[in-house]
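Reviewing the structure listed below.
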Amino acid sequence: MRMHRGQKSEGPRVLVKKHVISAFKDWKIYACALSKMGHDAALALITVFLPTIIKSLGFTPQQAQYLTIGPYMTGWAMMLIVSLLSDRTKMRGPFLIGCGMFSIIGATLLFTHPAESNRKVALCGIFILLAGVFPCVPLQVQWASDNCGAESKKTTAISMLLVAGHCWSILVSKSFPTNEGPRFIRGYSIVLSFLCLSVILPTILHVRHRIVNARRDRKYGIPNANDPVDTSELADHAPMFRYVL
């Protein structure tokens, strides 16, 4: 759902060079990219190890593949619920922070209780981790897009987030060599560290956006919800533009 009042178009559907450049200079987009890297790192971990963990519970390889449906369905359901609530409340940050903390709990359970020593706790950690990570992936991309203002900047920002997330997930999947198992301390530490960043950075952005919105309200007045916002020149720095929290 579009969070802002109608925004004035940049004009013809072409990339505006200054807005593309501004995306590469905007620290907020890099913060969103780092946050998304944490989510994608966790997804890479699950994609690689979920069948193995379920198989360790005593199921055959074929049964383990079928039983991966449960955690993935849980993540899918949470993604729909959180996305609907986010659209209804017109907020992104609090949901990213909450789901990120949920992911950290699941990852901690998984990392501190490997399937070889406590299989039930490890499987529980998988469910919690997926329930937290799945909603964060689309929310993070949408939040970055919402707060760019201009279409050219949005296009560039989304590309930056997707490239960063996909490249990082490939690298993380290589951080779990067989000779470091079953603890995989290095790989688990990388994933958990970036999940923590995925909570810290949205918190910083949420507070920052709230402060800037309040400052613009005092300086320029509270915008009318029905009035279009001209972001064609200044993008998210337009006086009447308000960041999605």
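Residue 153 in the working numbering is what sits at position 145 of the sequence shown, and the numbering runs on without skipping anything.
Each residue gets a CB set at the ideal place from its N, CA and C atoms; glycine is no exception.
Thr97 and Ala233 have their alpha carbons spaced roughly 15 Å apart. If you look at Ala115, you'll find it in the alpha helix (DSSP H) that goes 101-120. Between Val199 and Leu75, the CB-CB gap reaches or exceeds 8 Å.
Counted as a single uninterrupted DSSP element, the stretch harbouring Ser240 is not any alpha helix (DSSP H), since DSSP gives it neither H nor E. Excluding sequence positions up to five before and after Met109, its CB lies within less than 7 Å of the CB of Val207, all in the same chain and listed in chain order.
When secondary structure is reduced to three states using DSSP, Tyr251 falls in the coil class, being assigned neither helix nor strand. Assigned with DSSP and collapsed to three states, Ala246 falls in coil, not helix or strand. Bounds of the alpha helix (DSSP H) holding Ile212 are 193-228.
Membership of Thr82 in the alpha helix (DSSP H) is indicated by the continuous run 77-97. Assignment of Leu23 by DSSP, reduced to helix, strand and coil, places it in the coil class. Around the beta carbon of Phe32, fewer than 16 other beta carbons sit within 10 angstroms, so the residue counts as exposed.
For the pair Met86 and Val24, the Cα-to-Cα distance works out to about 37 Å.
Annotation for Ser183: no alpha helix (DSSP H) segment contains it, and DSSP assigns it neither H nor E.
Boundaries of the alpha helix (DSSP H) around Pro146: 127-154. The three-state reading of DSSP puts Phe32 in helix, counting H, G and I together. Within a 10 Å sphere around the beta-carbon of Pro247 sit fewer than 16 other beta-carbons, which makes this residue exposed.
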